[in-house]
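Each number in our numbering corresponds to the 1-based position in the sequence shown with 38 added.
Just so you know, even glycine gets a beta-carbon here, dropped at the ideal spot from N, CA and C.
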Amino acid sequence: MQVILVGHDTGGACVPYAMELHRSKVSKAVFIAAAMLKNGQSVLDMFSMQIASNDLCQHSQKFLYANGKNQPPTTIDYEKSLLKDVMFDQTTAKVLL
């Protein structure tokens, strides 16, 4: 069985990696307004640039390291009270309801 991967925003940076790891299991990839990494750039590089450019974003997320601090983060925990301002700052109130 094969799957179709869909990446949006920063999730788009992870899709190519998943495609490489599981080539036989992925039939297609769809990128919707997705971040694309430059050659040689890591997902962590992209997150670091995003965090540095947005002070509110920096205060709203915390990286969690389930595999140890010397390994890449496994999860990003977002402060729920700031999600609207960080993730949906261009969205009208009507859409957010």
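Check, Outcome
"Consider the C-beta atom of Thr112 and the heavy atoms of the ligand COA; say whether any pair is separated by less than 7 Å.", "The ligand COA is not part of the structure shown, which contains no ligands of any sort."
"Checking the sheet assignment: what are the DSSP bridge partners for Tyr116?", "Gln99"
"Could you spell out the range, first to last residue, of the beta strand (DSSP E) harbouring Leu43?", "41-47"
"Would you report the Cα separation of Tyr103 and Ile114, rounded to the nearest angstrom?", "9 Å"
"Over what stretch of residues does the beta strand (DSSP E) that includes Ala72 continue unbroken?", "64-72"
"Where Gly106 and Met74 are concerned, what is the direct C-alpha to C-alpha distance, given to the nearest angstrom?", "27 Å"
"To which residues of the same chain is Thr112 closer than 7 Å at the C-beta, ignoring the five residues directly before and after it?", "Leu102, Tyr103, Ala104, Asn105"
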